Every structure is written in C-alpha cells, then in structure tokens.
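Chemist:
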Amino acid sequence: MTFEDELRKGNFQVAECTDCKKIVWPPSDFCNQCFQEIRWRKCANEGKIIEFSKQNNNYFCLAEFENTIKIIGKVAS
Ligand SMILES: [Zn+2]
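In this text, residue positions in the sequence shown follow our numbering: the first is 537, and each later residue adds one.
This is the structure in structure tokens:
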C-alpha cells in the first residue's frame with residue numbers, strides 16, 4: 537500500500553510513528569525522528585485553511601492537517 541494509491545481512492549492517510557507518535561511527513565516507511573517503523577492511519581478529516589489566494593481565475597488554498605501536514609489545493613469553483 538502506498539500513500540498515493542490510498543489518496544486516489546479518497547483515503548487521506550497519514551504515517552504515524554509507532555514509537556514516538558510523530559506524524560511523518562512527507563510519508564516514509566520509517567520515522568524521520570527516531571527511525572522506528574510507522575503505521576498508517578486515517579487522517580483527521582478536518583483540516584484548517586491557513587491561506588487562501590487567487591491566481592487568474594483560480595483559487596488556491598493552503599490547508600493544514602493535524603498541525604503538521606500542509607497541502608496546497610486548487611479550489612473547484
Ligand atoms: Zn518516531
């Protein structure tokens with residue numbers, strides 16, 4: 537299972553360290569802090585939008601999930 541495969545199915549997964557519980561972002565097989573294995577879990581669905589911008593006729597937003605993951609997305613209008 538990979539992050540991209542799950543994302544395509546609509547499951548936004550985060551990689552969480554089994555040891556220190558840190559969210560590993562960008563996703564990796566091992567924690568980037570203590571090098572323990574990670575496990576996948578579903579992300580908290582609610583992200584908060586921290587920035588919103590307009591470029592030409594497109595809106596983009598920068599959303600943050602679980603205080604760690606920042607994703608830039610194009611907002612469908
Ligand atoms: Zn860790």
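Heads up, the beta-carbon is just placed ideally off N, CA and C, and yes, glycines get one too. Since this is a predicted model, take the numbers as computed values, not measurements.
Which residues does DSSP list as the beta-bridge partners of W576?
Modeler: Its beta-bridge partners are A551.
Chemist: Take the Cβ of E573 as the centre, count every other Cβ of all protein chains shown within 10 Å, and call the residue buried at 16 or more, exposed below.
Modeler: E573 is exposed by the Cβ-count criterion.
Chemist: Using the C-alpha atoms, what's the distance from G546 back to D565?
Modeler: Those two C-alpha atoms are separated by around 21 Å.
Chemist: If you draw a straight line from the alpha carbon of G609 to that of C570, how long is it in whole angstroms?
Modeler: Whole-angstrom Cα-Cα distance: 30 Å.
Chemist: Between which residues of its own chain and C579 is the CB-CB distance below 8 Å, once the five residues before and five after are set aside?
Modeler: Result list for C579: F548, Q549, V550, F601, E602, I605, in chain order.
Chemist: Whose CA, out of V611, L543, N568, Q591, lies closest to the CA of E552?
Modeler: For E552, the nearest C-alpha among the options comes from N568.
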